[in-house]
Amino acid sequence: MTGRQGPGPSRRTLIGTGLGAGAAVLTAAVGSGAAHAAGSAAAAGTSAQRRGYAFLAAAMDAYPEHGSIRLAQSYTDQAGLFSTAFTYDNALAILAHLAARTADGRARAGTLGDALLYAQAHDPAYDDGRLRQAYNVGSYTFFDGSPQPDGFVRADGTANVGTQFGFTGTAVGDMAWAGIALSALARRTGARRFLDGAVRIGTWIERTGRTDEPLGGYKFGVNGANAKLPFTSTEHNTDLVCLFGRLARLTGDRVWLERRARAEAFVRKMWEPSGGFFYTGTNDGVTVNKSPIPADTQTWTHLALDSRSYSRSLDWAAAELAVLDHADRPNSTVPAGQTYEGVTFSSASLLADEDAPIAEFQPKPDRNGVWFEGTAHLALALRDRHGRGDEARARRLIASIERAQDLLGGDQTVGGKALPARAGVVSVSSPLDTGFGFGYYPYRHTGATAWYLLAAARSNPLRA
């Protein structure tokens, strides 16, 4: 990829080893699990918010036979990823549970945080503070007929890394989000173990990701063979602005401020002043990638930097990545009579070939498929900016997400069990090609639901 303008991998890209394109396709089919929805249904908020929390509870409680140390399944069973629990999604679930400000929410956040600490301390191969891209949290039989009998904790006591799909690598962005979640737990509970876990994460990132290439910043992470990846991501470094800033505040150690400044300097180099947006990063540490331009580098930068100098990125995302999905669109899976608005994943999503499947065995894309996770990012960022008209725009976007929770993704299950009625937000309104080598599909999703709840609660997870 060196020497050409190209997308490079997203945080969501497969970063395992030894699996072919078919496995990468399944990465895109990410789906979120559920079971029974007890617990979090008591969370404060509107009926729609309570149903969102009911989904998060169901995804977390799907496999009681495997014990109390657990993570939440990321997507419903129909996505084909079985009991996969992505580290990123679980970090978001922790933050959403804390945003509820209920006893149940705090307890659930603590349980998920302790599971991340367990994975950190019981990795089958490493004892250096890393977490993997994803874990298994329940038993299943894989497509080739091989059994996966364990829950999150394997019979030998190690964390059950998601080897079946190759989710064995470690991305700096995933690590940063886990550190952000653990630091939030440390601040809320005062428990030293959560801060220690976050510091271990920050130390791994500094040791593994720091680069002295011309554009600087922190690189992507490692694949499943522990080989360093050459890319540097705007999104990852934005996450680090928050994580390192929090570690500086919580530990009192100023070395984290220097690291924060290094990550922020890279992010600022990705700014395109003539267009008012951020580029995605670099493949080689020298050349800035000009295309595709993703939504999250526009929204997360505002949430992390809180800088009026760059707040035009929200207007760029709201205008240039806006989509409206309905049944008359080519390849739309939205039922007749329903309409959803929001943003798509990237500039490349708007140019996807609607005559070709997103990947082998996958459907054709809808250029106007709404990415609800990103739509929630944008709604929260608009609310955070407080500009003229921002609140009205945010409410309209949130209403679209809540309508999707009501009407899309019916009859989906987690752990083979029915979900609470109208609980959980699908990742997209219709199949969507991200332009980064994978797609999203309309399955209820822990990450999208968590971002919706954060936006509804006006809770900015990236403010140090």
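To convert, note that position 284 of the sequence shown is 284 in our numbering; the numbers rise steadily by one, no gaps. A virtual CB, placed ideally from N, CA and C, is assigned to each residue, including glycine.
Whole-angstrom distance between Ala-59 and Asp-446, CA atom to CA atom: Your numbering for residue 446 matches position 446 in the sequence shown. Your numbering for residue 59 matches position 59 in the sequence shown. Residue 446 is actually Thr in this sequence, not Asp. Their backbone Cα atoms lie some 7 Å apart in a straight line.
Starting from Glu-341 and walking both ways along the beta strand (DSSP E), at which residues does that stretch end? For the purposes of this step, residue 341 is identified with residue 341 of the sequence shown, where counting begins at 1. Note, Glu-341: beta strand (DSSP E), 339-343.
With a CB to CB cut of under 6 Å and the five nearest residues on each side skipped, what residues in its chain are close to Arg-312? For the purposes of this step, residue 312 is taken as the residue at position 312 of the sequence shown. Closer than 6 Å at Cβ, skipping near neighbours: Gly-276.
So, helix, strand or coil for Gly-281, using DSSP? Numbered from its first residue, the sequence shown carries residue 281 at position 281. Here Gly-281 sits in strand by DSSP.
To test your reading of the DSSP string, which unbroken beta strand (DSSP E) runs of 3 or more residues are found completely within the stretch 42-128? 84-86
Option in Phe-438, Ile-201, Pro-124, Asp-128 with minimal Cα separation from Thr-163: Numbered from 1 along the sequence shown, position 163 holds the residue referred to as residue 163. Looking at the Cα atoms, Pro-124 is the closest of the given residues.
Skipping 5 residues on each side, what residues in its chain have a beta carbon closer than 7 Å to that of His-122? To locate residue 122, count along the sequence shown from 1; it is residue 122. Closer than 7 Å at the Cβ level, and outside the excluded window around His-122, lie Gly-157, Thr-158, Ala-159.
Identify whether Glu-272 lies in helix, strand or coil by the three-state DSSP scheme. Taking the sequence shown and counting its residues from 1, one reaches residue 272 at position 272. Note: Glu-272 maps to strand in three-state DSSP.
Excluding the 5 residues flanking Asp-406 on each side, which residues of the same chain have their C-beta closer than 6 Å to its C-beta? Start at 1 with the first residue of the sequence shown, and residue 406 comes out as number 406. Excluding sequence neighbours, Asp-406 sits near Arg-422.
Ordered along the chain, which non-local residues of its own chain (more than five positions away) have a Cβ less than 7 Å from that of Ala-322? Along the sequence shown, read from residue 1 onward, the residue named residue 322 stands at position 322. Closer than 7 Å at Cβ, skipping near neighbours: Val-343.
List the endpoints of the continuous alpha helix (DSSP H) containing Ala-404. Translated into positions along the sequence shown, residue 404 becomes position 404. Element bounds for Ala-404: 390-407.
So is Ala-448 buried or exposed if we call it buried at 16+ other beta carbons inside 10 Å? The residue labelled residue 448 in the question sits at position 448 within the sequence shown. Result: buried.
Indicate the three-state DSSP secondary structure (helix, strand or coil) for Arg-444 in the structure shown. Along the sequence shown, read from residue 1 onward, the residue named residue 444 stands at position 444. Strand at Arg-444.
For Phe-144, three-class secondary structure by DSSP: For this step, residue 144 is matched to residue 144 along the sequence shown. A small fix is needed here, since residue 144 is Asp in this sequence, not Phe. Three-state result, Asp-144: coil.
Assumed close pair Gly-426, Leu-453 - CB separation to whole angstroms, cut-off 8 Å: Numbered from its first residue, the sequence shown carries residue 426 at position 426. Numbered from its first residue, the sequence shown carries residue 453 at position 453. According to the sequence displayed, residue 426 carries Val and not Gly. Actually they are not in contact, since the Cβ atoms of Val-426 and Leu-453 sit about 15 Å apart, beyond 8 Å.
Three-way DSSP call (helix, strand, coil) for Asn-504 in this model: In the structure displayed, the chain extends from 1 to 464; residue 504 sits before or after that span and is not available.
First through last residue of the alpha helix (DSSP H) which encompasses Leu-182: Here residue 182 refers to the residue found at position 182 when the sequence shown is read from its first residue. Its alpha helix (DSSP H) spans residues 172-189.
Local Cβ density within 10 Å of Arg-396, reported as buried at 16 or more and exposed below that: Along the sequence shown, read from residue 1 onward, the residue named residue 396 stands at position 396. Result: exposed.
Can you tell me which of the three DSSP states Val-425 falls into? If you number the sequence shown from 1, residue 425 lands on position 425. The answer is coil: DSSP assigns Val-425 none of H, G, I, E or B.
By how many angstroms is the C-alpha of Cys-242 removed from the C-alpha of Phe-465? The requested residue 465 is not part of the displayed model; the chain covers only 1 to 464.
Between Phe-167 and Arg-388, what straight-line distance do the alpha-carbon atoms span, to the nearest angstrom? If you number the sequence shown from 1, residue 167 lands on position 167. If you number the sequence shown from 1, residue 388 lands on position 388. Rounded to the nearest angstrom, the two C-alpha atoms are 43 Å apart.
Which residue wins for smallest C-alpha separation from Arg-463, given the options Ala-399, His-326, Ala-304, Leu-419? Mapped onto the sequence shown, residue 463 falls at position 463. Measuring from the Cα of Arg-463, the nearest candidate turns out to be Ala-304.
Simplified DSSP assignment, three categories, for Ser-233: The count along the sequence shown starts at 1 and reaches residue 233 at position 233. Here Ser-233 sits in strand by DSSP.
Taking only the alpha-carbon atoms, compute the straight-line gap between Gly-369 and Val-428 and give it to the nearest angstrom. If you number the sequence shown from 1, residue 369 lands on position 369. If you number the sequence shown from 1, residue 428 lands on position 428. Rounded to the nearest angstrom, the two C-alpha atoms are 6 Å apart.
Residues bridged to Phe-167 (per DSSP): Locating residue 167 in the sequence shown gives position 167, where the first residue counts as 1. According to DSSP, which records beta bridges pairwise, Phe-167 is partnered with Gly-162.
Going by other Cβ atoms of all chains shown within 10 Å of its Cβ, with 16 needed for buried, is Pro-294 buried or exposed? Numbered from its first residue, the sequence shown carries residue 294 at position 294. Buried.
Whole angstroms is fine: what's the gap from Glu-373's alpha carbon to Trp-451's? Along the sequence shown, read from residue 1 onward, the residue named residue 373 stands at position 373. Along the sequence shown, read from residue 1 onward, the residue named residue 451 stands at position 451. Their backbone Cα atoms lie some 6 Å apart in a straight line.
Taking only three categories from DSSP, how would you classify Thr-413? By one-based count along the sequence shown, residue 413 stands at place 413. Of the three classes helix, strand and coil, the one that applies to Thr-413 here is strand, per DSSP.
Going by DSSP in three states, Leu-462 sits in which element: helix, strand or coil? The residue you call residue 462 lines up with position 462 of the sequence shown. Correct three-state label for Leu-462: coil.
Contained alpha helix (DSSP H) runs [length at least 4] in the stretch 313-386, N- to C-terminal order: 372-385
Could you pull out every residue in the same chain whose Cβ sits closer than 7 Å to the Cβ of Gly-67, ignoring the five residues on either side in sequence? For the purposes of this step, residue 67 is taken as the residue at position 67 of the sequence shown. Excluding sequence neighbours, Gly-67 sits near Gly-151, Val-153.
Identify which residue in Phe-438, Ala-352, Arg-188, Arg-259 has its Cα closest to the Cα of Trp-204. Position 204 of the sequence shown holds residue 204. The shortest Cα separation from Trp-204 among Phe-438, Ala-352, Arg-188, Arg-259 belongs to Arg-259.
How is Gly-209 classed by DSSP in three states: helix, strand or coil? Taking the sequence shown and counting its residues from 1, the one referred to as residue 209 is at position 209. Gly-209: helix per DSSP, three-state reduction.
So Ala-356 packs on Lys-364, CB below 8 Å; how close in whole Å? Within the sequence shown, numbered from 1, the residue matching residue 356 stands at position 356. Within the sequence shown, numbered from 1, the residue matching residue 364 stands at position 364. Confirmed, about 7 Å.
Secondary structure of Ala-134, DSSP reduced to three states: The residue labelled residue 134 in the question sits at position 134 within the sequence shown. Here Ala-134 sits in strand by DSSP.
Is the beta carbon of Phe-194 less than 7 Å from the beta carbon of Tyr-140? Translated into positions along the sequence shown, residue 194 becomes position 194. Translated into positions along the sequence shown, residue 140 becomes position 140. Going by C-beta atoms, Phe-194 is not nearer than 7 Å to Tyr-140.
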